[in-house]
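Numbering (UniProt numbering), first residue to last: 1 to 306. The next block holds one structure in the form of C-alpha cells; read it before the comments.
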C-alpha cells in the first residue's frame, strides 16, 4: 500500500443545483441546495484514501464551524490530520458551486485559511513528506508553502505531482524545477505553454515545452476524451469511460487522487494508473457533490469486473 501526502486546500462546498446557468441579471429558481466537503487538495486526498492509499494532509482550517465540519469529515475518512493547522480568527476555505442539468459547473472560491499556513509550518511537517511515496499539490493554497514542500520531497527522493489548478498565468520556475509530474487540463496547458490543445500532435508539442522545464512526466486531462500522457519516451491517450455526467465538480481531483494511489513512484505503470483514475472519475461524475461523489476501491473493482 502506498503512502501519499497531499498539501493544499480544504473547503466546505455550498452547492446549488439549477436547470440552467442564469444569464447576467436573470433570477431563477434552484432545484436543490446542499453543503459537502470539498477543496481540490482535500478531494484528492479523499480519492487516494478511498482507493486504499495511506494518506497524509498538510493544510489549514479556521477556528470556525466550517473548520470543525471539515476536520470531522476528513477524520471519518481516516486521513492522517497531523499536518492540518487550525488558525485562530481565520475563516475556513469555502467554495460556492452552481451545477446545471448538463452537469457543467461554475465555482467561486474563498481561500481563507488555505492561504494562511506558512512555509515554516510546512517545514515543521517535513517528516510526513519524507516518509511518503508521492507528494501532490494544487494552486488553491499559498504557492510559497508548496515550493517548500516540493523541495523537502526532492531532497528525500519523493516524487512530486503538481496539478496547476486553478490556472496561474506565471508559475514560479522555482516550483517547476522541483516538479516530477504535472497534470493540467486543456485550458491550464495553454496557460502554461501557450499551445492550444486541439489534438494529440498539439499535446505532444505542449508536453515537450513542459519537459524542457525539467518535468519528467506530463498528463493532460481532456475531459470526456480521457487523458494524454508523455513520459520516458512513451506517449498516448488513455480513453475515458463513456457515461452520462450529472456533476463534474470533482472529476479531475478524483482522477488525480485515484490515479496516484495506483501509481508506482518510478511512473513505470503510468498507463494502467491512468486507466484506474479514469474509471474512478467516470463514477464520480455520475453523482452530485465533490467528496460525496468520490468512489471507493471496492466499487472500482466491481465495475472493472462487470
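Even glycine gets a Cβ: it sits at the ideal position worked out from N, Cα and C. Nothing here was measured: the structure is a model prediction, and the numbers come from that model.
Classification of residue 102 by the beta-carbon crowding that lies within 10 angstroms, buried from 16 upward: Residue 102 sits at position 102 when you count from the first residue of the chain shown. Exposed, because fewer than 16 other Cβ atoms sit within 10 Å of the Cβ of residue 102.
Status (buried if at least 16 other CB within 10 Å, exposed otherwise) for residue 19: One-based indexing of the chain shown puts residue 19 at position 19. Residue 19 comes out exposed.
Touch test, the segment 64 to 73 against the segment 271 to 290, Cβ-Cβ under 8 Å, three pairs minimum: no
Residue range of the unbroken beta strand (DSSP E) whose run includes residue 226: Indexing the chain shown from 1 puts residue 226 at position 226. Counting along the chain, the beta strand (DSSP E) containing residue 226 begins and ends at 226 to 231.
Min CB distance residue 226 to chain C below 8 Å: The structure shown contains no chain C; it is built from a single protein chain.
Proximity to residue 190 [Cα-Cα], best of 181, 202 and 180: Along the chain shown, one-based indexing puts residue 190 at 190. The residue with the shortest Cα to Cα distance from residue 190 is 202.
For residue 121, the first and last residue of its enclosing alpha helix (DSSP H): Taking the first residue of the chain shown as 1, we reach residue 121 at position 121. That run of the alpha helix (DSSP H) goes 119 to 124.
Cβ contact (3+ pairs, closer than 8 Å) linking the segment 204 to 218 and the segment 12 to 30: no
Inter-stretch contact (C-beta, 8 Å, three-pair minimum) for the segment 128 to 135 and the segment 253 to 269: yes
Chain-order list of residues whose beta-carbon lies under 7 Å from that of residue 284 (same chain, five-residue window excluded): Here residue 284 corresponds to residue number 284 of the chain shown, with the count starting at 1. Answer for residue 284: 250, 251, 254, 293, 294 and 295, listed in chain order.
Contact belief for residue 121 with residue 85 at Cβ below 8 Å, rounded distance in angstroms: The sequence position of residue 121 within the chain shown is 121, counting from 1. The sequence position of residue 85 within the chain shown is 85, counting from 1. With 8 Å as the limit, residue 121 and residue 85 qualify as a contact, their Cβ atoms being about 6 Å apart.
Burial state of residue 28 (16 or more Cβ within 10 Å): Position 28 of the chain shown holds residue 28. Result: exposed.
Given residue 87 as reference, the closest of 100, 113, 291 and 152 once Cα atoms are compared: What you label residue 87 is simply residue 87 of the chain shown in a count that begins at 1. The candidate whose alpha carbon is nearest that of residue 87 is 113.
Residue burial classification, residue 139 (beta-carbon count within 10 angstroms, cutoff 16): Counting from 1 along the chain shown, the entry for residue 139 is found at position 139. The residue is buried, with at least 16 neighbouring Cβ atoms inside 10 Å.
Minimum length 3: unbroken beta strand (DSSP E) runs contained in the segment 130 to 210: 134 to 137 and 160 to 162
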